[in-house]
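Enquirer:
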Amino acid sequence: MTDDYKHKGMRKKLVQVIKGKGIVDIRVLDAIGKIPRHFFFDNIFVEHAYQDKAFPIGEGQTISQPYTVAFQTELLAIKPKSKILEIGTGSGYQASVLKEMGAEVFTIEYNKILYQKTRRFLPQMLGYNPHFFQGDGSKGLPEFAPYDGIIVTAGAPSVPTDLIKQLKIGGILVIPVGNNQKQKMIKLKKISDTQISKKEYDHFSFVPLLGENGWATKV
Ligand code: SAM
Numbered sequence: 001m002t003d004d005y006k007h008k009g010m011r012k013k014l015v016q017v018i019k020g021k022g023i024v025d026i027r028v029l030d031a032i033g034k035i036p037r038h039f040f041f042d043n044i045f046v047e048h049a050y051q052d053k054a055f056p057i058g059e060g061q062t063i064s065q066p067y068t069v070a071f072q073t074e075l076l077a078i079k080p081k082s083k084i085l086e087i088g089t090g091s092g093y094q095a096s097v098l099k100e101m102g103a104e105v106f107t108i109e110y111n112k113i114l115y116q117k118t119r120r121f122l123p124q125m126l127g128y129n130p131h132f133f134q135g136d137g138s139k140g141l142p143e144f145a146p147y148d149g150i151i152v153t154a155g156a157p158s159v160p161t162d163l164i165k166q167l168k169i170g171g172i173l174v175i176p177v178g179n180n181q182k183q184k185m186i187k188l189k190k191i192s193d194t195q196i197s198k199k200e201y202d203h204f205s206f207v208p209l210l211g212e213n214g215w216a217t218k219v
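Encoded structure:
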């Protein structure tokens, strides 16, 4: 697959769209402007790659809307070398944005087929090589904790306490919480071992977080 002037032009327009919706972090906008999102799509769907919308990636899952990726990433306030845990690898697009911004990324995917596909595809096609894991990310990834940031890319019924435990002091958790249709974006900051600050943002619509601290069965 190539990344030619036509794709670059569409990408520039996408960045303008996201900027117009309120994303201000230049590093987030630069990362989205750099990553060839059409590489994540089958050839026949390439024209969908630079529209600001989610798109099916198989297994009943989606690549998140670019604005949503930008919004969650901005909330994470990443610094180079930040240690970030992503729950819900999916296509690997969000992980690519985090890698492009210089973070050390641990990413976990519940679905075995997507895990296998993305862990091959991402280093080969884009040269990004986060640490890939397969399993129930609703419990986090305690072996590598603590993290500077945790981003959940599926809708949770509530905030899993396991995830808060795995944050560093000063660390940020970004998670959509709500029902199966609609979730409120929540940012939690761990001020101390006993103190957490919480901010709520707009509503989004994610596929459900599965697993022990998510929706236990497929919904
Ligand atoms: N970040 C992804 C991307 O950039 O393409 C978007 C992923 S999609 C909106 C949500 C993903 O979360 C799906 O791939 C789904 O299989 C995964 N997921 C759901 N529950 C999970 C869990 N408990 N642990 C890990 N992954 C989970």
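Residue numbering for the sequence shown follows this note's numbering, starting at 1 and increasing by one per position.
The C-beta atom is built at its ideal place from N, Cα and C for all residues, glycine as well.
#1: Looking at residue 147 and residue 171, is the spacing between their C-beta atoms short of 8 angstroms?
#2: Determine the direct distance from the alpha carbon of residue 189 to that of residue 120, and round the result to whole angstroms.
#3: Roughly how many angstroms lie between the CA atoms of residue 209 and residue 185, to the nearest whole one?
#4: Return helix, strand or coil for residue 61, following the three-state DSSP convention.
#5: Just confirm the distance between the C-beta atoms of residue 77 and residue 86, as a whole number of angstroms; I'd bet it's less than 8 angstroms.
#6: Please state whether DSSP places residue 89 in a helix, a strand or coil.
#7: Run the proximity test for residue 67: is its beta-carbon closer than 7 angstroms to any non-hydrogen atom belonging to ligand 1?
#8: May I ask you to check if the CB of residue 76 is nearer than 7 angstroms to at least one heavy atom of ligand 1?
#9: CB of residue 205 to nearest heavy atom of ligand 1: below 7 angstroms?
#10: Rounded to the nearest angstrom, what separates residue 19 and residue 66 at their Cα positions?
#11: Between the beta-carbon of residue 93 and the beta-carbon of residue 40, is there less than 8 angstroms?
#12: According to DSSP, is residue 183 helix, strand or coil?
#13: Is residue 111 near ligand 1 - that is, is its Cβ less than 7 angstroms away from at least one heavy atom of it?
#14: When DSSP builds the beta bridges, which residues end up paired with residue 134?
#15: Touching or not, the segment 122-142 and the segment 53-61, by the rule of three or more beta carbon pairs under 8 angstroms?
#16: Cα separation between residue 162 and residue 9?
#17: Round the Cβ separation of residue 28 and residue 73 to the nearest angstrom and send it over; I've been treating them as touching at under 8 angstroms.
#18: Using the three-state DSSP reduction, which class does residue 70 fall into: helix, strand or coil?
#19: With respect to the alpha helix (DSSP H) encompassing residue 5, which residues constitute its N-terminal and C-terminal limits?
Expert: Based on what the coordinates show:
#1: yes
#2: 33 angstroms
#3: 14 angstroms
#4: strand
#5: Actually they are not in contact, since the Cβ atoms of residue 77 and residue 86 sit about 15 angstroms apart, beyond 8 angstroms.
#6: coil
#7: no
#8: no
#9: no
#10: 11 angstroms
#11: yes
#12: strand
#13: yes
#14: 109
#15: no
#16: 42 angstroms
#17: 5 angstroms
#18: helix
#19: 5-20
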